[in-house]
Structures are given as C-alpha cells and as structure tokens.
Amino acid sequence: MADHEHLEVIREGVSAWNSWRDNNPNIIPNLSDADLSDADLSDADFMPADLSGANLIAADLSGADLSGANLSGANLSGANLSGVDLCRTNLSGANLHRANISDADLMGADLSGANLIAADLSGADLSATELSSANLRAANLSRAILQLANLSGAELKRANLESCDLRGSWGMEVDDNYIHHANFGPNAYDKWSILRRTYTGPNMVINLLFVALFFAPLMLRASGLGALSEIQAEALVDSGVIGQSPVETCARTGLMENPIATGETIACRTRFVWEIMLGSESPFHPYMTWLTIVLIGYQTLRYWVTVRVSMMRDVEERSGVSPEYFSLGDVRRSEVTSPRRLTRNKRFLGDYLGSYSFLYRIHQILTVVFWIAATTFLIQFYNVATGKVVLPSAG
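Going left to right, the sequence shown walks through residues 4 to 398 as this note's numbering numbers them.
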C-alpha cells in the first residue's frame, strides 16, 4: 500500500516530487499499488522507489530515472518509457503491453514473466537482462542489444529482431521473426541454430565423409571377396575339377573333391554381396547386421532432415524471416469443443510436422543413433584392419 505522504507529493507534479527527493535522499518512496494512470511523470526521479503493483497505464515516464526501482507486477500498459533508465529494475510480472520502451536502458533488469506483447523495445539496451518466460509476441526489438540476455521460455512469435544483437544470449527460440541483419553469435544454441549448423555447411560435408568412411570398408570387403571368388572359379575350371559355373556346382553339392589337391575336400559357400555388406561374415554377426541396418536408416533419415532444413534456410535467407516454431503443445491447445475440432487438429498437426520443432525432435533421435553408427564404423574398421591376406612366399 502506498505511503499517503509520498502519494500526495507525487500528485503535486514532477517538480515538487524531485525537490522533495533532493531534500529526503535517504527515504525510499513507497508508491506500491498507487493509481498513477495517465500521469505525467516525465523526468521524475524514482531511484530507488517501490512501485510494485502500481497502476501506470498510459503514464508518461519518458526521461524518468527508474534504475533499481521495484516495479514488479506494475501495470504499465501503453506507458511511455522511452529513453528511461531502468537499469537493474525489477519488472518481473509487469504488464508492459504496447508500452513504448524504445532506447531505454534495461541492462541487468528483471523482466521475467513480463507481458511485453507488441511493446516497442527498439534500440533498448537489454544486456544481461532476465527475460525468462516473458511474452514478447509481436514486440519490436529492432536494434535492441540482447547480449547475454536470458530468453529461456520467452515467447518471441512474430517479434521484430531486425539488426538486433543476440550474441551470447541463450534459451531463445526463433519463431516467425523478422531477422534481417540480426547478429547471432557463432555458438548460438537455440534449436534453429543447431539445426542450421548440423545439417548445412561444413557439418553436412563432414557427414558425407563419415558415410564414405563407413561404406568404404564394406565395399572393399565385398569387392575383394568377389574378385577372389572369380580367381578361385577360374582355377577350378582350368584344373578340370568342374566344367560349369562354380556357383551352380557349390549350390548343388556343397562339397567337391579336388584330385589335384591330393584328395583334400574343398568346402564351397555362396553369399549375396548385400549379405557381405551387412556384415553376415563378421565375427560379431548378427549384431553387426543390425548395426549396419541402423546406420543405413540413420543416413536416410539424416538426408531427409538435411533437405528440409536446407529448404527452410533458403526461405529464411531470401525473406529475412525465421521459420515458425510450432510445438505439440500448440496442437493440444488448439483443441476446441466444436464440430470442426478434428479438422482443426489435423491442420495444426500438419503445421507441427512441417515446423523445425519437429525436425529438432528428429535431430535428438539422430544424435543418439550417431553413436551407434560410430560404433558400427569402428567395428567395421577393426574387421578390415585385423583381416589377413595370403601372399606368395619370397623364397
């Protein structure tokens, strides 16, 4: 509850208020829950002051010093805070709907859970600001500085991030934002940045090399065994042991007597090339076979995600607008009691499947499968590296 004396002074005007502040520098004004709607408080000195829960709807606070003030839960809807010093101010849970906060100093301020829908924050300094769970839907953040800001859980759908400095910020989810000339840090860990880095550019090339490294041992093994099979077949034909295809003979008899080889029995087996490539001859079979199948599925799914991300990135770079983040939670919230509920949900589900949030879910699965794929590669490499070949004697 506001102090009656303090409330009377502020109602006398800014000049009387600032004079009273100069004469009472050690008093922290208590204007909590005060009704100051539509008041002209421009250039007023509120450092520090308790304005928690105050009604400041459409108040003019331009040029006011609010640094260190407590404005938690205050209603500042439509207020003019242009150029205001709000450094380290507590604005948690405040209502700043459509407020003009352009060029304000909000460095280190607490705006967690604040309502900033359609607020004008253009040119504002929001460095190291706490914006977790804040609603910045359709807010104007052009030219704003958000370095080291905490944006985890913040709603940024259709916010204007043109020429915004987002280096070092964390927890942000771009969502249908205008991002022309926005400055993102090279190590940005929002979901869209992770997808862009992983499935386009150098990382995509590295993945292609990884695929080649995996399949090379399989192809070499299959081609080597195939070449050896042809050499053996020619030797058997030339020796007169068989007069027809060695594959047909082996398939029919399974065993052959070689009179030239001093009566030794020759065991013959046939294998399809695809069986060899799947690791059916590996000492780790059948595990190797399943690991190989998993890797093939991994590469197929990764290719699909790469195509989708590349398409979204192309649209983003042409339009300057980030892709939309559409979660399953949005699908559930879309449920309404109406005859067209099913149709609406199908449409929302389609949006989800086409959004990058769904692709990020796939990416998380692929991250796990990657280690399975890496294990497969190591096993294949081991098989090739430890294999033996027969060489003619030097003597």
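C-beta atoms are modelled at their ideal positions from N, C-alpha and C, and glycine is treated no differently.
The C-alpha of glycine 56 is placed about 23 Å away from the C-alpha of glutamate 158.
Note that the C-beta distance between glycine 76 and serine 95 is below 9 Å. For asparagine 118, the secondary structure class from DSSP, reduced to helix, strand or coil, is strand. Cβ contact annotation for methionine 315 (same chain, cutoff 7 Å, sequence separation greater than five): Pro326 and Tyr359, in chain order.
Judged by their CB atoms, alanine 52 and proline 32 are nearer to each other than the 9 Å cut-off. Excluding the 5 residues flanking it on each side, tryptophan 20 has same chain C-beta neighbours closer than 6 Å at Val12, Ile13 and Ala47, in chain order.
Valine 87 places its beta carbon 9 Å or farther from that of alanine 62. Exclusion of the five residues before and after aspartate 36 leaves Met4, Ala5, Gly56 and Ala57 as the residues of its chain whose Cβ lies within less than 7 Å of its Cβ.
Within the same chain, and ignoring the five residues on either side of leucine 44 in sequence, the residues whose Cβ sits closer than 7 Å to its Cβ are Val17, Ala62, Asp63, Leu64 and Ala67.
In the displayed model, aspartate 193 falls within coil according to three-state DSSP, outside both helix and strand. Going by C-alpha positions, alanine 142 is about 42 Å away from glycine 300.
Residue pairing by DSSP puts asparagine 186 in a beta bridge opposite Asp168. Linking glycine 81 to aspartate 38 through their CA atoms gives a straight-line distance of about 15 Å.
Looking at the backbone, the Cα of leucine 54 and that of asparagine 73 are separated by about 6 Å. Under the criterion of beta carbons closer than 8 Å, leucine 59 and serine 85 do not qualify as touching, at roughly 14 Å.
Contact between the stretch 303–314 and the stretch 179–188 is absent: fewer than three C-beta pairs spanning the two stretches fall below 8 Å. Counting along the chain, valine 87 sits inside no alpha helix (DSSP H), nor does DSSP assign it H or E at all. Take histidine 100, set aside five residues on each side of it, and the residues of its chain with a beta-carbon closer than 6 Å to its own are Ser80, Asn118 and Ile120, in chain order. With distances taken between CA atoms, serine 135 lies nearest to Gly156 out of Ala147, Ala127, Ser125 and Gly156. Assignment of beta-bridge partners to tyrosine 328 by DSSP yields no partner.
Across the set Asp354, Tyr202 and Leu34, the C-alpha of Asp354 shows the shortest separation from the C-alpha of leucine 331. With a threshold of 16 other beta carbon atoms within 10 Å, threonine 309 meets it and is buried. Threonine 295 and leucine 198 have their alpha carbons spaced roughly 25 Å apart. Under a 10 Å Cβ-count criterion, tryptophan 374 is classified as exposed, with fewer than 16 other Cβ atoms of the shown protein chains found around its own Cβ.
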